[in-house]
Amino acid sequence: MSAEARHWLMKSEEDVYSIEDLRRDGVTPWTGIRNYEARNHMRDRMQPGDLILYYHSNASPPGVAGIARVASEAYADPEQFDEASAYHDPKATHEKPRWMLVDVEFVKAFPKLVPLGDIREHPELRDMVLVKRMRLSVQPVTPEEFEIIRALGEES
DNA sequence: GCCAACGTTGGC
DNA sequence: GCCAACGTTGGC
Numbered sequence: 462m463s464a465e466a467r468h469w470l471m472k473s474e475e476d477v478y479s480i481e482d483l484r485r486d487g488v489t490p491w492t493g494i495r496n497y498e499a500r501n502h503m504r505d506r507m508q509p510g511d512l513i514l515y516y517h518s519n520a521s522p523p524g525v526a527g528i529a530r531v532a533s534e535a536y537a538d539p540e541q542f543d544e545a546s547a548y549h550d551p552k553a554t555h556e557k558p559r560w561m562l563v564d565v566e567f568v569k570a571f572p573k574l575v576p577l578g579d580i581r582e583h584p585e586l587r588d589m590v591l592v593k594r595m596r597l598s599v600q601p602v603t604p605e606e607f608e609i610i611r612a613l614g615e616e617s
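Throughout the first sequence, residue numbering follows the numbering used here, covering 462 to 617 in sequence.
So, in structure tokens, the structure goes:
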């Protein structure tokens with residue numbers, strides 16, 4: 462019996478790779494995660510089909526821009542082996558890769574961004590990992606938090 | 001194994 | 001562009 466589907470939030474800098482870039486590409490490998498906790502979520506907990514809140518960081522305002530979906534099992538991030546890549550890791554080998562990722566697939570862009578400020582002020586969202594912890598770019602979200610934000614984003 | 005220095009994230 | 005938060009590195 463498979464584990465219950467989970468919900469996630471993944472951050473991307475808006476001017477580096479926005480939800481519109483993901484819409485254009487359809488699906489993309491989530492390269493460049495170099496934080497162990499974020500990696501562990503992708504490697505150990507994510508399953509194909511899990512839904513993702515797609516968050517724009519370094520934006521004004523920052524916030525949740527839409528929804529994406531996990532589109533693969535975890536596999537080794539190829540950029541760790543590429544000496545020309547900014548994400549090259551000299552300690553990683555093909556036999557023992559250090560960094561794992563999943564593919565992420567576009568689902569929808571919200572008509573209107575759900576700003577971080579609104580999330581902070583929402584009484585049912587103030588315990589979100591997003592609010593309590595900076596600097597974690599792949600993080601779990603409860604089903605309740607996911608539904609509240611989806612409802613906010615889908616209001617016209 | 002401690003912890004200071006360092007580097008990065010990311011809001012403002 | 002500033003800088004607080006905080007994860008990582010490396011000297012000891």
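Glycine included, C-beta positions come from ideal geometry on N, C-alpha and C. Quick caveat, the model's predicted, so the values are computed rather than measured.
#### Entry: Distance between beta carbons of serine 479 and histidine 517, contact taken as under 8 Å
Translated into the one-based positions of the first sequence, residue 517 becomes position 56. Translated into the one-based positions of the first sequence, residue 479 becomes position 18. Going by Cβ atoms, the distance from histidine 517 to serine 479 rounds to 6 Å, so yes, they are a contact pair.
### Task
Tell me, please, whether the stretch 603-614 touches the stretch 513-533 by the rule of three or more beta-carbon pairs shorter than 8 Å.
A contact exists between the stretch 603-614 and the stretch 513-533.
### Query
Would you report the Cα separation of leucine 597 and phenylalanine 571, rounded to the nearest angstrom?
On the first sequence, residue 597 is found 136 positions in, with the first residue counted as 1. On the first sequence, residue 571 is found 110 positions in, with the first residue counted as 1. Between leucine 597 and phenylalanine 571, the C-alpha separation is close to 23 Å.
### Query
Got a sec? Which residues, its chain only, sit under 6 Å from serine 502 by beta carbon, not counting five neighbours each side?
The sequence position of residue 502 within the first sequence is 41, counting from 1. Position check: residue 502 holds histidine in this sequence, whereas serine was assumed. Answer for histidine 502: Val599, listed in chain order.
#### Entry: Range of the contiguous beta strand (DSSP E) that encloses phenylalanine 567
Position 106 of the first sequence, counted from the first residue, corresponds to residue 567. Taken as a continuous stretch (DSSP letters only), the beta strand (DSSP E) holding phenylalanine 567 covers 564-576.
### Message
Buried or exposed for aspartate 538, going by 16 or more other Cβ atoms inside 10 Å?
### Response
Reading the first sequence from its first residue, position 77 is the one you call residue 538. With 16 or more other Cβ atoms within 10 Å, it is buried.
### Task
Whole angstroms is fine: what's the gap from tyrosine 536's alpha carbon to glycine 524's?
Within the first sequence, numbered from 1, the residue matching residue 536 stands at position 75. Within the first sequence, numbered from 1, the residue matching residue 524 stands at position 63. Cα to Cα, the separation comes out at about 28 Å.
### Task
Take glycine 527 and list the residues in its own chain whose beta-carbon comes closer than 6 Å to its own, dropping the five residues that flank it on each side.
Counted from its first residue, the first sequence places residue 527 at position 66. Only Ile480, Tyr515, Lys569, Ala570 and Phe571 meet the Cβ criterion.
### Where glutamine 508 sits in the DSSP three-state scheme
What you label residue 508 is simply residue 47 of the first sequence in a count that begins at 1. Here glutamine 508 sits in coil by DSSP.
### Query
By DSSP, does lysine 641 sit in helix, in strand, or in coil?
The structure shown does not extend to residue 641, since the chain is modelled only from 462 to 617, so the question has no answer here.
### Task
Identify whether histidine 517 lies in helix, strand or coil by the three-state DSSP scheme.
Within the first sequence, numbered from 1, the residue matching residue 517 stands at position 56. Looking at histidine 517 - three-state DSSP - the assignment turns out to be strand.
#### Entry: Residue interval of the beta strand (DSSP E) (run including isoleucine 528)
For this step, residue 528 is matched to residue 67 along the first sequence. It spans 524-531 - the beta strand (DSSP E) in which isoleucine 528 sits, taken as one unbroken run.
### Query
Helix, strand or coil: which one does DSSP assign to histidine 583?
Here residue 583 refers to the residue found at position 122 when the first sequence is read from its first residue. Under the three-state reduction of DSSP output, histidine 583 falls in the coil class, being neither helix nor strand.
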